[in-house]
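K.L.:
Take a look at the following structure, please.
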Amino acid sequence: METKRIQEIAELFDIDGKVAAVAPMGQGLINDTFKVAVEGGRRAYVLQRINDKIFRDVNVLQRNIEVVTSHIRAKLEEAGESDVDRKVLTPVFLKDGSRSWVRTDEGVWRMTVLIPDAVTITEVTPESSYDTGRAIGQFEKMLVDVPETLGETIPDFHNMELRSRQLKEAAQTNPVGRMADEEVRRIYDFLQQYDSQMCKAERMHREGLLPKRICHCDAKVANILFDRDGKVLCVIDLDTLMPSFVFSDLGDFLRTAANTVEEDDPAVEKVAFRMDIFKAFIKGYLETAGSFLTEVEIENIPYGVALFPYMQAVRFFADYINGDTYYKTAYPEHNLVRTRNQVALFKAALAHADEMASYVRSLISSR
């Protein structure tokens, strides 16, 4: 795409001046991102082309972000925080003030103010996991009283009952004949043993025991912005922001961060669950989120941790049975390898369930 056209799109937004330069920014897998500098401007901007094949309702996506960032800004100002502009994302609206996004022939675009002198990190360590847990907990805490009901940017994103039905339908229809394989049947039988247990979040919600909250739903170290002194500034990448169970943040983070190998590593004997990462993240998370979580949410933290490798195993496995129609694969058994990996992580998480529960209780009792 020509730079001149990107500049023209950037100037549809209410920025401080004429665009001086645009340059690619980051290596995002979903959205295309550009840094926008303006002539003589005191601030720069981030222009993104939204992947509307994934986020199909851009109105819901952007409205969620507008509501949440406005609410967080008000909370920070009320608390007397300094440097508020660096502690919350700021959407930029179109020149006519109508909305924070625009559709052109080249796609759907949005803009935010660039937060200066900020960095992201990707290394998962106990220290970065603690910071992430604390930041995510604080993020959720600030949003417990959002006055507006938010929409789901990806409907049923973390709905285990739906994922369970999808697996059963795949096994029943068996479109490419893979259920004939002995290992496939064995994995299917194993996953079915835990089906009811892993679907209990939805049941508890229907019974009024488990609330849905505004969650990030893509919690990871790389989605926390730090200043150059290593202090947390804010949570970023808010596309998956939506109502969910808190397990969507803590469970999904630990699914990747606490695994000793990558999710598609075929060496399942190397898969283990890192309790040091769990303890660091949960310590930080409960320091901020512990003030609003219910007893049911707290006591089910080990369940939430085990839920996400189980859910991902189900998703990879259903896709394998269906003939690899959803996830990109590099070789014929890629989704089966991913399934084995996540099943091993699920087993490892279950083996640590009592230890996790004991650690959580120790944190709560010491407050």
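Going left to right, the sequence shown walks through residues 1166 to 1532 as my numbering numbers them. Ideal Cβ positions, reconstructed from N, Cα and C, are used throughout, including at glycine.
For the alpha helix (DSSP H) that contains Arg-1480, what are its first and last residues?
P.N.:
1466-1486
K.L.:
Are the beta-carbon atoms of Phe-1443 and Val-1284 separated by less than 7 angstroms?
P.N.:
Against a cut-off of 7 angstroms, the Cβ pair of Val-1284 and Phe-1443 comes out as no contact.
K.L.:
Using the Cβ count rule (16 or more neighbours within 10 Å means buried), how would you classify Met-1166?
P.N.:
exposed
K.L.:
Beta-carbon within less than 8 angstroms of Phe-1220's beta-carbon, same chain only, minus the 5 sequence neighbours each way: which residues are those?
P.N.:
So the list reads Leu-1226, Thr-1318, Ile-1319, Asp-1404, once near-sequence residues are dropped.
K.L.:
Tyr-1496 lies in the alpha helix (DSSP H); which residues open and close that run?
P.N.:
No alpha helix (DSSP H) holds Tyr-1496; DSSP gives it neither H nor E.
K.L.:
Please state whether the Cβ-Cβ distance between Val-1223 and Trp-1266 is less than 7 angstroms.
P.N.:
yes
K.L.:
Ends of the beta strand (DSSP E) at Lys-1200?
P.N.:
1197-1203
K.L.:
Are there 16 or more other CB atoms within 10 angstroms of the CB of Ala-1514, so buried, or fewer, so exposed?
P.N.:
Ala-1514 should be labelled buried.
K.L.:
DSSP state of Ile-1401, grouped into three classes?
P.N.:
coil
K.L.:
Just mark Gly-1302 as buried or exposed, buried being the case when its beta carbon has 16 or more other beta carbons within 10 Å.
P.N.:
Residue environment: Gly-1302 is assigned as buried (16 or more neighbouring CB atoms within 10 Å of its CB, all protein chains considered).
K.L.:
Can the beta-carbon of Thr-1287 be found closer than 7 angstroms to that of Ile-1389?
P.N.:
no
K.L.:
Tell me the residue span of the alpha helix (DSSP H) that contains Ala-1186.
P.N.:
Note, Ala-1186: premise wrong, no alpha helix (DSSP H); beta strand (DSSP E) at 1184-1189.
K.L.:
Indicate whether the contact test is met: 3 or more Cβ pairs, each with one atom in the segment 1492-1507 and one in the segment 1404-1414, closer than 8 angstroms.
P.N.:
no
K.L.:
With 16 as the cutoff for other CB atoms within 10 Å, does Thr-1277 come out buried or exposed?
P.N.:
buried
K.L.:
Please report the straight-line C-alpha distance between Glu-1326 and Phe-1304, rounded to a whole angstrom.
P.N.:
27 angstroms
K.L.:
Does Gly-1449 come out as helix, strand or coil in the three-state DSSP assignment?
P.N.:
helix
K.L.:
By alpha-carbon positions, which one of Val-1470, Val-1211, Thr-1269, Ile-1280 ends up nearest to Asp-1217?
P.N.:
Thr-1269
K.L.:
Could you check if Ala-1454 is buried or exposed, using at least 16 other CB atoms within 10 Å of its CB as the buried criterion?
P.N.:
buried
K.L.:
On the DSSP bridge list, what partners appear for Ala-1283?
P.N.:
Asp-1392
K.L.:
Can you grab the Cα-Cα spacing for the pair Ala-1175 / Val-1201, in whole Å?
P.N.:
Each residue's Cα considered, the two are about 8 angstroms apart.
K.L.:
Should Arg-1439 and Pro-1474 be called a contact, given that it needs their Cβ atoms to be closer than 7 angstroms?
P.N.:
no
K.L.:
Is it a yes or a no for the segment 1420-1439 touching the segment 1248-1257, going by three-plus beta-carbon pairs under 8 angstroms?
P.N.:
no
K.L.:
Which residues in the same chain have their Cβ closer than 7 angstroms to the Cβ of Ala-1471, if we skip the five residues on either side of it in sequence?
P.N.:
Phe-1511, Ala-1514, Leu-1515, Ala-1518
K.L.:
Within its chain, find whatever has a CB closer than 8 angstroms to the CB of Gly-1488; leave out the 5 residues flanking it on each side and keep chain order.
P.N.:
Pro-1340, Val-1341, Arg-1343
K.L.:
Decide if Ser-1247 is buried, meaning its Cβ has at least 16 other Cβ atoms within 10 Å, or exposed.
P.N.:
By the 10 Å Cβ count, Ser-1247 comes out exposed.
K.L.:
Using beta-carbon positions only, say whether Ala-1300 and Val-1233 come within less than 7 angstroms of one another.
P.N.:
no
K.L.:
Closest to Pro-1281 by C-alpha separation, out of Asp-1321, Val-1386, Arg-1238, Ala-1209, would be which residue?
P.N.:
Ala-1209
K.L.:
Are the Cβ atoms of Leu-1308 and Val-1211 separated by less than 7 angstroms?
P.N.:
no
K.L.:
Could you name the residues of the same chain whose beta carbon sits closer than 8 angstroms to that of Val-1187, not counting the 5 residues immediately before and after it, in chain order?
P.N.:
For Val-1187, where only same-chain residues beyond five positions count, the Cβ hits under 8 angstroms are Thr-1168, Ile-1171, Gln-1172, Ala-1175, Phe-1199, Lys-1200, Val-1201, Ala-1202, Leu-1212.
K.L.:
Might you give, ordered along the chain, the residues of its own chain that have their beta carbon closer than 7 angstroms to the beta carbon of Ser-1456, omitting 5 neighbours on each side?
P.N.:
Lys-1306
K.L.:
For Lys-1183, tell me which candidate among Asp-1197, Gly-1191, Pro-1189, Arg-1207 has the shortest Cα-Cα distance.
P.N.:
Ranking the options by Cα distance to Lys-1183, first place goes to Arg-1207.
K.L.:
Could you round the C-beta distance between Phe-1178 and Ile-1352 to whole angstroms and report it? I think they count as a contact, below 8 angstroms.
P.N.:
No, Phe-1178 and Ile-1352 are not in contact; Cβ-Cβ is about 49 angstroms, not under 8 angstroms.
K.L.:
Kindly list the residues whose CB is nearer than 7 angstroms to the CB of Ile-1237, restricted to its own chain and excluding five residues on each side of it in sequence; keep chain order.
P.N.:
Result list for Ile-1237: Val-1253, Met-1307, in chain order.
K.L.:
With DSSP run on the structure shown, which of helix, strand or coil describes Leu-1254?
P.N.:
coil
K.L.:
Label Asp-1414 either buried or exposed according to how many other C-beta atoms from any shown protein chain fall within 10 Å of its C-beta, with 16 as the threshold for buried.
P.N.:
buried
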